[in-house]
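My numbering numbers the first residue of the sequence shown as -10 and each following residue consecutively. We put the CB at the ideal spot given by N, CA and C, even for glycine. Structure first, then comments.
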Amino acid sequence: MPIERDDDLVEQLVRRQVLPGGTYLTFARDTVVTSDGLERGRDIVVHPGAVTIVAILADRQVLLVRQYRHPSGEVLVELPAGTLDMMGDGSVEEPLPAAQRELFEETGHRAATWTKLCEFFTAPGFASELMHMFLATDVTPDPSYDGPEEDERLILEKVGFDDALAKADDGTIRDAKTLLGLYLVDRLARAGKIRELA
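Shown next, in the form of structure tokens:
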């Protein structure tokens, strides 16, 4: 019988077995029941969420970082980003303060103007990570910045926005959040909605 309604796609969680895991991720094996009554297993990663920032400077440059990503085995060119912190009471950090913190920690810059662009699931087939994307404008360096924290091994790059788009087009940039951010901001700029890129 064909599936015709979203309700027919929904699975109900029966039980969750939490597996030994990492520091901020929870690895779990879920048992679900499908709408047609079948029991299935789902291996998932429970993630607190994350932020990423498209930071545009007054001279039409965008802030990017280069960092080694162990799962890919490569140094990737990415937008600044980071995971939402877990609070002492078990709640999760709000996205905007997290984005402001991550922009400073990774690039040494601050922005006077923040706009939420979108939110999206990064890998919904196996992870719950919801990423919040922000546009940061009126961006300036903070003279108090003395480099990234010890665990942040990265190189800051200021790249002309058109050059960043070319790197996205030719495959130099292969990180999904960065591709989405550059293409989305380019679409908004072409519609005249981002004065820094006019």
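Looking only at C-alpha atoms, which of the options sits nearest to residue i?
{"i": "Leu169", "options": "Arg58, Ala153 and Pro132", "result": "Ala153"}
{"i": "Arg5", "options": "Gly11, Thr15, Leu(-2) and Asp(-3)", "result": "Thr15"}
{"i": "Leu119", "options": "Pro137, Val128 and Pro84", "result": "Pro84"}
{"i": "Ala112", "options": "Pro137, Asp25 and Asp32", "result": "Asp32"}
{"i": "Val34", "options": "Pro9, Tyr57 and Ile42", "result": "Pro9"}
{"i": "Asp131", "options": "Glu138, Glu139, Lys156 and Leu92", "result": "Leu92"}
{"i": "Lys105", "options": "Val128, Thr161 and Thr41", "result": "Thr41"}
{"i": "Leu65", "options": "Gly114, Leu143 and Val81", "result": "Leu143"}
Within a Cβ cutoff of 6 Å, which residues of the same chain sit near residue i, ignoring the five residues on either side of it in sequence?
{"i": "Glu0", "result": "Val21 and Thr23"}
{"i": "Cys107", "result": "Met122"}
Taking only the alpha-carbon atoms, compute the straight-line gap between residue i and residue j and give it to the nearest angstrom.
{"i": "Thr96", "j": "Met76", "result": "24 Å"}
{"i": "Arg99", "j": "Gly11", "result": "31 Å"}
{"i": "Ala189", "j": "Ile45", "result": "There is no way to answer for residue 189, as the model of the chain reaches only from -10 to 187."}
{"i": "Glu(-7)", "j": "Thr72", "result": "37 Å"}
{"i": "Asp78", "j": "Gly38", "result": "17 Å"}
{"i": "Gln56", "j": "Leu27", "result": "43 Å"}
{"i": "Gln50", "j": "Glu63", "result": "24 Å"}
{"i": "Tyr188", "j": "Glu146", "result": "This structure cannot settle anything about residue 188, because the visible part of the chain is limited to -10 through 187."}
{"i": "Thr161", "j": "Ala70", "result": "18 Å"}
Taking only three categories from DSSP, how would you classify residue i?
{"i": "Arg58", "result": "strand"}
{"i": "Phe93", "result": "helix"}
{"i": "Ala180", "result": "coil"}
{"i": "Thr102", "result": "strand"}
{"i": "Glu0", "result": "coil"}
{"i": "Glu63", "result": "strand"}
{"i": "Thr41", "result": "strand"}
{"i": "Gly11", "result": "coil"}
{"i": "Met185", "result": "Looking at the sequence itself, residue 185 is Glu, so the reference to Met does not match. Helix."}
I'd like the list of long-range same chain contacts for residue i, defined as Cβ closer than 7 Å, with 5 residues on each side in sequence excluded.
{"i": "Leu2", "result": "Asp19 and Val21"}
{"i": "His36", "result": "Leu14, Ala116, Ser117 and Glu118"}
Within the same chain, show all residues whose beta-carbon is closer than 8 Å to that of residue i, passing over the 5 residues directly before and after it, in chain order.
{"i": "Ala157", "result": "Thr167, Leu168, Leu171 and Tyr172"}
Residues bridged to residue i by DSSP?
{"i": "Ile162", "result": "BP columns for Ile162 are empty, so no partner."}
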